[in-house]
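Chemist: Residue numbers (UniProt numbering): 1 to 360.
After the structure tokens below, expect a handful of questions from me.
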């Protein structure tokens, strides 16, 4: 009776696990719903490897069950010893050759896709006027945020990657401090960002992200990099080419302007406390100590993981270490004469920062 109950417990556990895993297929954050050709190629490899493993498991289980049924004591008796096949050359050839063939089946498309996705020769192609034809993004991973520079377009953003759909987007990946890993689950990738060298690859996006939850895909750091590694997310907004070009022009021309008395007060506080680390214009080059805040009002997360509200923003400014341990943002006491910002100062800063936008 107890054995039967244990079996049902195992079955219930597996059923619950299946239901739980069924929630892992969100389109904005899942390798199971590829959003571009690179993601589909990697998904196909996943299906192939799963099929091979499933085949191996099924064959082993069948052999195991047949042995149990055929040689059970009730059928053959107590003193019967089955024929011993130890040292059989035929069997040794079979279980050596078959795994080799299966590995070859898996290795061929793996090698093909590896070289295909590493081919970035088109990154340097130019048109008749000498302009680059492909979008290139220099990605710099920092503790614990991401900087995106479009070197051919003169635009820099932080925590928000904006890319066109229907074409290859090329990436130069590097790290500013420790090893990180750049990964957009729905699009593919997962390539290390190193301090000592630049890694390159490309991604493709099929559709605009506007119809997704929060209107974006999500990217992550996939390499353990410190105590706040799990909070090192970024968002990916995909636009058609026309809208992307319009976004670029807006990013290059929009100036940070405080609207209203409270926002003006916030700008004054920002210029005396924060401007040394944070830029408020997306035009220029990369290399800022802190994230570029030109599009802060367009974001949907504070510090990469908290809901984008003024209350969360104020909490973050006044005690960043308690929310993201190990990050390099100074505590307010270092910026405000040894004291935390007052409620009035926080209200003003939040009003100013929430108004920074290149999309409105």
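We put the CB at the ideal spot given by N, CA and C, even for glycine.
#1: Residue 211 by DSSP, collapsed to three states: which one?
#2: Suppose the cutoff is 6 Å on Cβ atoms and the five residues either side in sequence are ignored; what does the same chain contact list for residue 312 look like?
#3: I'd like to know whether the C-beta of residue 90 is nearer than 9 Å to at least one C-beta of chain C.
#4: Do residue 195 and residue 222 come within 9 Å of each other at the CB atom, strictly closer than that value?
#5: Going by the beta-carbon positions, is the gap between residue 158 and residue 355 smaller than 9 Å?
#6: Could you give the DSSP three-state label for residue 73: helix, strand or coil?
#7: List the residues that DSSP assigns as beta-bridge partners of residue 225.
#8: Please determine, among 169, 138, 67 and 32, the residue with the shortest C-alpha to C-alpha distance to residue 204.
#9: Which term fits residue 71, buried or exposed, when burial requires 16 or more other beta carbons within 10 angstroms of its beta carbon?
#10: Which complete beta strand (DSSP E) runs does the stretch 291–349 hold, if anything under 3 residues is left out?
#11: Looking only at C-alpha atoms, which of 202, 137, 352 and 224 sits nearest to residue 275?
#12: Find out if the Cβ-Cβ distance for the pair residue 136, residue 126 is shorter than 9 Å.
#13: To the nearest angstrom, how far is the alpha carbon of residue 79 from that of residue 68?
#14: Is the separation between the beta-carbon of residue 164 and that of residue 234 shorter than 9 Å?
#15: I'd like the list of long-range same chain contacts for residue 241, defined as Cβ closer than 8 Å, with 5 residues on each side in sequence excluded.
#16: Helix, strand or coil for residue 238 per DSSP?
#17: I need the boundaries of the beta strand (DSSP E) containing residue 181, first residue and last residue.
#18: Can you list the beta strand (DSSP E) stretches of 3 or more residues lying completely in the stretch 88–152, in chain order?
#19: Am I right that residue 216 and residue 236 are in contact with their C-beta atoms under 8 Å? What's the rounded C-beta distance?
#20: The alpha helix (DSSP H) spanning residue 265 covers which residue range?
#21: Between which two residues does the beta strand (DSSP E) holding residue 289 run?
#22: Do you know how far the Cα of residue 12 is from the Cα of residue 1?
#23: What residues match up with residue 203 in a beta bridge as DSSP calls it?
#24: Taking 9 Å as the threshold (C-beta atoms), are residue 300 and residue 156 in contact?
#25: Taking only three categories from DSSP, how would you classify residue 352?
#26: Taking a contact to mean a Cβ-Cβ separation below 9 Å, would you say residue 174 touches residue 193 in this structure?
#27: Ends of the beta strand (DSSP E) at residue 31?
#28: Taking its Cβ as the centre, do 16 or more other Cβ atoms sit within 10 Å of residue 321, making it buried, or is it exposed?
#29: Below 6 Å CB to CB, which residues in the same chain sit around residue 183 once its five sequence neighbours on both sides are set aside?
#30: Which first and last residues belong to the beta strand (DSSP E) in which residue 161 is found?
#31: Mind checking residue 285: buried by the 16 CB within 10 Å criterion, or exposed?
#32: Which of helix, strand or coil does DSSP assign to residue 230?
#33: Considering only their Cβ atoms, is the gap separating residue 265 from residue 350 smaller than 9 Å?
#34: Please look up how many angstroms separate the CB atoms of residue 42 and residue 54, rounded, as I've assumed it's under 8 Å.
#35: By DSSP's criteria, residue 192 is part of a beta bridge. Which residues make up the other side?
Modeler: Reading off the structure:
#1: Residue numbering aside, residue 211 sits at position 211 when the chain shown is read from its first letter. Residue state, collapsed to three classes: helix.
#2: Here the question's residue 312 lines up with position 312 in the chain shown. Closer than 6 Å at the Cβ level, and outside the excluded window around residue 312, lie 302 and 306.
#3: The structure shown contains no chain C, having only a single protein chain.
#4: As a first step, residue 222 must be located in the chain shown, where it is residue number 222. As a first step, residue 195 must be located in the chain shown, where it is residue number 195. The answer is no: Cβ separation not under 9 Å.
#5: Taking the chain shown and counting its residues from 1, one reaches residue 158 at position 158. Taking the chain shown and counting its residues from 1, one reaches residue 355 at position 355. No; because the gap between Cβ atoms is not below 9 Å, this pair is not in contact.
#6: For the purposes of this step, residue 73 is identified with residue 73 of the chain shown, where counting begins at 1. Helix at residue 73.
#7: Walking along the chain shown from the start, residue 225 turns up at place 225. The partner list for residue 225 (beta bridge, DSSP) is empty, contrary to what the question assumes.
#8: As a first step, residue 204 is located in the chain shown; it is residue number 204 there, counting from the start. The residue with the shortest Cα to Cα distance from residue 204 is 169.
#9: Here residue 71 refers to the residue found at position 71 when the chain shown is read from its first residue. Result: exposed.
#10: none
#11: For the purposes of this step, residue 275 is taken as the residue at position 275 of the chain shown. Closest option to residue 275, Cα to Cα, is 352.
#12: To locate residue 136, count along the chain shown from 1; it is residue 136. To locate residue 126, count along the chain shown from 1; it is residue 126. No, they are not a contact pair.
#13: The residue you call residue 79 lines up with position 79 of the chain shown. The residue you call residue 68 lines up with position 68 of the chain shown. Cα-Cα distance, rounded: 16 Å.
#14: For the purposes of this step, residue 164 is identified with residue 164 of the chain shown, where counting begins at 1. For the purposes of this step, residue 234 is identified with residue 234 of the chain shown, where counting begins at 1. No, they are not a contact pair.
#15: Reading the chain shown from its first residue, position 241 is the one you call residue 241. Same-chain partners within the cutoff: 164, 165, 166 and 167.
#16: As a first step, residue 238 must be located in the chain shown, where it is residue number 238. Residue 238 falls in the strand class under three-state DSSP.
#17: Taking the chain shown and counting its residues from 1, the one referred to as residue 181 is at position 181. Segment 180–184, the beta strand (DSSP E) holding residue 181.
#18: 135–142 and 145–150
#19: Stepping through the chain shown from its first residue, residue 216 is reached at position 216. Stepping through the chain shown from its first residue, residue 236 is reached at position 236. That belief holds up - the Cβ atoms of residue 216 and residue 236 are roughly 6 Å apart, short of 8 Å.
#20: Counting from 1 along the chain shown, the entry for residue 265 is found at position 265. Its alpha helix (DSSP H) spans residues 261–273.
#21: Walking along the chain shown from the start, residue 289 turns up at place 289. Taken as a continuous stretch (DSSP letters only), residue 289 belongs to no beta strand (DSSP E), as it is neither H nor E.
#22: For the purposes of this step, residue 1 is taken as the residue at position 1 of the chain shown. For the purposes of this step, residue 12 is taken as the residue at position 12 of the chain shown. Below a pLDDT of 50, predicted positions are generally treated as unreliable, and residue 1, at 48, falls in that range; no measurement from the model is reported.
#23: Taking the chain shown and counting its residues from 1, one reaches residue 203 at position 203. Answer is 169, bridged to residue 203.
#24: Here residue 156 is taken as the residue at index 156 of the chain shown, counted from 1. Here residue 300 is taken as the residue at index 300 of the chain shown, counted from 1. Taking 9 Å as the Cβ cut-off, residue 156 and residue 300 do not qualify as a contacting pair.
#25: Counted from its first residue, the chain shown places residue 352 at position 352. In this structure, residue 352 counts as helix in the three-state DSSP scheme.
#26: Residue 174 sits at position 174 when you count from the first residue of the chain shown. Residue 193 sits at position 193 when you count from the first residue of the chain shown. Yes, Cβ-Cβ distance for residue 174 and residue 193 is below 9 Å.
#27: Walking along the chain shown from the start, residue 31 turns up at place 31. From DSSP, residue 31 is part of no beta strand (DSSP E); its letter is neither H nor E.
#28: As a working mapping, residue 321 is identified with position 321 in the chain shown. It is exposed - the Cβ of residue 321 has fewer than 16 other Cβ atoms within 10 Å.
#29: One-based indexing of the chain shown puts residue 183 at position 183. Within the same chain, residue 183 has close Cβ partners 189, 190, 220 and 222.
#30: Walking along the chain shown from the start, residue 161 turns up at place 161. Segment 160–164, the beta strand (DSSP E) holding residue 161.
#31: Within the chain shown, numbered from 1, the residue matching residue 285 stands at position 285. Under this definition residue 285 is an exposed residue.
#32: Here residue 230 refers to the residue found at position 230 when the chain shown is read from its first residue. DSSP places residue 230 in helix when its eight states are reduced to three.
#33: By one-based count along the chain shown, residue 350 stands at place 350. By one-based count along the chain shown, residue 265 stands at place 265. No. Outside cutoff.
#34: Taking the first residue of the chain shown as 1, we reach residue 42 at position 42. Taking the first residue of the chain shown as 1, we reach residue 54 at position 54. No, residue 42 and residue 54 are not in contact; Cβ-Cβ is about 19 Å, not under 8 Å.
#35: Sequence index remark: in the chain shown, residue 192 carries index 192 (1-based). Partner(s): 181.
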